[in-house]
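So the structure is just underneath, and the comments pick up after that.
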Amino acid sequence: MIVSYDEFCSVSKVTINTMLKDEERDADNSMRRHKKKKINADELSNKKEIEVLDNSPKYGLSTDRERNRANGSSKVMEPQDADYSFVPFLSDEIALLILARVPRSEYQRLCYVNRRYQTLVRSGELYSIRKEIGIKEPSILMLASGESNWWCYDPRSRVRRNLPVLPADECFSSFDKESLCAGTHLLVSGKEISGSVIWRYELASDQWFKGPLMINPRCLFASANCGNEACVAGGIAPTMEILNTAEKYDPESKTWNQLPRMKQRRKLCSGCYMDKKFYVIGGQNEKGDNLTCGEFYDTEKNVWELIPDMLQKDAPTWSSRSPPLIAVVNNELYSLEASSNRLKVYLKMSNCWKDLGEVPVRADHSRGWGVAFKSLGDELLVIGSRALSHAFRGMTICTCKPDPELDSPPWRVLENDGLHWSSFIFNCSIMVA
254 MIVSYDEFCS VSKVTINTML KDEERDADNS MRRHKKKKIN ADELSNKKEI EVLDNSPKYG
314 LSTDRERNRA NGSSKVMEPQ DADYSFVPFL SDEIALLILA RVPRSEYQRL CYVNRRYQTL
374 VRSGELYSIR KEIGIKEPSI LMLASGESNW WCYDPRSRVR RNLPVLPADE CFSSFDKESL
434 CAGTHLLVSG KEISGSVIWR YELASDQWFK GPLMINPRCL FASANCGNEA CVAGGIAPTM
494 EILNTAEKYD PESKTWNQLP RMKQRRKLCS GCYMDKKFYV IGGQNEKGDN LTCGEFYDTE
554 KNVWELIPDM LQKDAPTWSS RSPPLIAVVN NELYSLEASS NRLKVYLKMS NCWKDLGEVP
614 VRADHSRGWG VAFKSLGDEL LVIGSRALSH AFRGMTICTC KPDPELDSPP WRVLENDGLH
674 WSSFIFNCSI MVA
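With the sequence shown counted from 1, adding 253 to any position gets you the numbering used here.
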């Protein structure tokens with residue numbers, strides 16, 4: 254269950270007021286054993302003076318307060334952030350469970366409460382708790398044409414915020430990049446003047462870091478978020494060799510580990526995670542021939558299994574078409590056919606595709622380039638130009654809950670921004686945390 258920020262504040266206020274009444278009732282019994290002090294409680298909801306026991310705070314005293322007591326001084330310094338628990342009169346264990354249920358879009362607001370809250374959010378502890386109790390929310394991280402900054406879009410609140418400026422050189426900004434998410438990390442792979450590089454954005458600290466580099470640097474490769482890790486395969490090496498190597502990234506250790514080689518060398522391929530397997534589909538071989546086969550990595554056998562003719566043979570053979578636009582929702586594989594703007598679902602038993610109708614964006618403008626087609630929890634996400642517009646302006650963000658049994662699933666428009674946001678998407682990844 255996710256608790257809104259306002260609900261969290263309301264619950265905290267009720268708890269505080271209740272405990273204040275108990276504190277007043279018990280004050281007479283404690284006054285002989287404790288030194289008292291008065292504080293002005295104008296900021297509290299009851300607008301009156303209350304007596305607070307002058308015993309040691311749970312999280313220790315400031316250095317100045319200890320020094321004053323040692324010298325016998327009656328002067329007491331103002332409490333610091335560290336003197337308080339996260340929620341007064343609640344244990345930290347309970348408070349953290351409450352805070353972990355607050356929507357991630359509100360975490361930036363929590364940072365303004367005090368330094369202790371800011372340290373908590375930046376530490377990543379809340380994300381670890383969310384992972385343990387099964388709280389997950391997807392966010393859309395993207396870089397659009399004409400914009401220098403990556404930005405994060407929360408589909409729940411429909412709020413957009415800019416990420417910090419990526420401190421790469423001009424070469425990195427100007428050339429092709431690939432992106433993928435693993436846990437609370439966004440990895441952006443590209444090339445700087447010094448060579449291949451990966452920049453890593455960490456959600457908890459809200460900062461960019463360089464590295465780690467892949468074991469085999471590559472571009473135009475397949476990738477997928479596979480549970481708590483991310484996998485990559487294929488692509489083009491800096492030497493222009495077409496690769497069949499694969500590896501996975503562990504966000505906990507921030508390291509890459511080698512996987513067995515694929516059966517087929519391929520570039521411009523796409524990846525997905527389905528039935529707890531990493532799939533690589535389509536692309537081109539070292540001769541430039543279009544591939545209709547797919548393959549998946551079997552973790553138990555530690556081998557790749559080939560799937561002949563996984564893609565339709567009659568698909569248009571554009572010379573510069575994008576990698577296949579694919580996404581997995583509820584363990585079902587969906588494809589956006591760029592030439593026809595049609596949504597299709599893969600039927601595993603018959604190794605064929607079923608048509609589910611048109612999508613509300615134009616993927617045929619640039620042969621599939623500039624369009625985002627992703628899984629967003631139990632929904633499909635598509636981002637691109639409006640269906641009625643032939644200009645590369647006017648971003649539309651739409652979602653639907655697909656059903657292989659329905660011929661035309663209804664689409665819901667989250668954003669239809671007109672001329673303010675560019676509709677050509679350079680990179681897009683979904684972070685689930």
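Cβ coordinates follow ideal geometry from the N, Cα and C atoms, glycine included.
Just so you know, these numbers come straight off a predicted model, no measurement behind them.
Cα-Cα separation, residue i to residue j
i, j, result
"Arg-362", "Asn-594", "40 Å"
"Asp-670", "Leu-512", "42 Å"
"Gln-631", "Lys-389", "Sequence inspection shows Asp at residue 631; the Gln mentioned does not correspond to that position. Their backbone Cα atoms lie some 12 Å apart in a straight line."
"Phe-626", "Gly-536", "17 Å"
"Val-450", "Gly-443", "6 Å"
"Glu-505", "Glu-658", "39 Å"
"Ala-397", "Thr-437", "21 Å"
"Arg-519", "Met-527", "20 Å"
"Glu-482", "Leu-416", "22 Å"
"Tyr-384", "Tyr-502", "Residue identity check: residue 384 is Lys in the sequence provided, not Tyr. Straight-line Cα distance between these residues: approximately 18 Å."
"Cys-472", "Asn-497", "12 Å"
"Gly-399", "Ser-427", "11 Å"
"Asp-607", "Ser-523", "Before going further, note that residue 607 is Lys rather than Asp in the sequence given. If I take the Cα positions, the gap works out to 19 Å."
"Asn-543", "Pro-561", "13 Å"
"Lys-291", "Asn-583", "With a pLDDT of 37 at Lys-291, under the threshold of 50, the predicted position of this residue should be treated as unreliable, though the coordinate-derived value follows. Each residue's Cα considered, the two are about 59 Å apart."
"Cys-479", "Glu-548", "15 Å"
"Met-493", "Leu-521", "13 Å"
"Ser-338", "Arg-368", "12 Å"
"Met-691", "Leu-419", "No statement about residue 691 is possible, as the shown extent of the chain runs from 254 to 686 and does not include it."
"Glu-423", "Ile-386", "42 Å"
"Arg-514", "Gln-565", "25 Å"
"Cys-529", "Trp-557", "Cys is not the amino acid found at residue 529; the sequence shown has Lys there. Roughly 14 Å between the two C-alpha positions."
"Tyr-550", "Ile-534", "12 Å"
"Ala-616", "Phe-679", "14 Å"
"Glu-455", "Gly-488", "25 Å"
"Ile-468", "Pro-391", "28 Å"
"Gly-448", "Ala-686", "31 Å"
"Cys-364", "Arg-665", "32 Å"
"Leu-633", "Tyr-406", "15 Å"
"Ile-347", "Gln-460", "28 Å"
"Val-374", "Lys-463", "22 Å"
Proximity below 8 Å, CB of residue i to CB of residue j
i, j, result
"Ile-495", "Glu-445", "no"
"Ala-490", "Pro-470", "yes"
"Val-624", "Cys-651", "no"
"Pro-576", "Lys-507", "no"
"Gly-377", "Ala-457", "yes"
"Val-635", "Val-598", "no"
"Glu-431", "Ser-401", "no"
"Pro-235", "Pro-655", "The structure shown does not extend to residue 235, since the chain is modelled only from 254 through 686, so no value can be given for it."
"Ile-351", "Val-340", "yes"
"Phe-531", "Cys-484", "yes"
"Thr-552", "Met-563", "no"
Span of the alpha helix (DSSP H) around residue i
i, result
"Cys-424", "423-427"
"Glu-385", "378-386"
"Arg-362", "360-363"
"Glu-346", "345-353"
Residue i beta carbon near the ligand MN (any heavy atom closer than 7 Å)
i, result
"Phe-679", "As presented, the structure is devoid of all ligands, the ligand MN included, so that no description of it is given."
Whole-angstrom C-beta distance between residue j and residue i, which should lie under 8 Å
i, j, result
"Cys-525", "Leu-586", "6 Å"
"Met-684", "Leu-439", "6 Å"
"Ser-676", "Met-648", "4 Å"
"Ala-591", "Ser-628", "Incorrect: roughly 18 Å between the Cβ atoms, too far for contact."
"Arg-413", "Trp-404", "6 Å"
"Ala-353", "Ile-382", "4 Å"
"Pro-408", "Leu-667", "6 Å"
"Leu-596", "Asp-660", "Not confirmed; about 10 Å, so no contact."
"Lys-601", "Leu-559", "Wrong, their Cβ atoms sit about 15 Å apart, outside the cutoff."
"Ala-499", "Trp-452", "Wrong, their Cβ atoms sit about 21 Å apart, outside the cutoff."
Residue interval of the beta strand (DSSP E) (run including residue i)
i, result
"Asn-415", "412-415"
"Val-581", "578-582"
"Ser-391", "Residue identity check: residue 391 is Pro in the sequence provided, not Ser. Segment 391-397, the beta strand (DSSP E) holding Pro-391."
"Ser-675", "First-last for Ser-675: undefined, no H or E at that position."
"Asn-665", "The amino acid at residue 665 is misidentified as Asn; the sequence shows Arg. It spans 665-669 - the beta strand (DSSP E) in which Arg-665 sits, taken as one unbroken run."
"Ser-338", "Counting along the chain, Ser-338 falls outside any beta strand (DSSP E), and DSSP gives it neither H nor E."
"Asp-660", "Note, Asp-660: premise wrong, no beta strand (DSSP E); not H, not E."
"Val-418", "Counting along the chain, Val-418 falls outside any beta strand (DSSP E), and DSSP gives it neither H nor E."
"Trp-404", "404-407"
"Leu-586", "585-590"
"Glu-558", "556-560"
| query | Which residue spans inside the region 596-648 form an unbroken beta strand (DSSP E) run of at least 3? | reply | 605-611, 625-629, 632-638
| task | Could you name each continuous beta strand (DSSP E) segment of 3 residues or more that falls completely within the region 425-460, going from the start of the chain to the end? | result | 431-435, 438-445, 448-455
| said: List, from N- to C-terminal side, the beta strand (DSSP E) runs of 3 residues or more that fit wholly inside the region 508-552. | reply: 508-512, 523-527, 530-534, 547-551
| task | Run through the region 462-512 for me and flag every whole beta strand (DSSP E) of 3 or more residues, listed as ranges in chain order. | result | 475-479, 482-486, 499-503, 508-512
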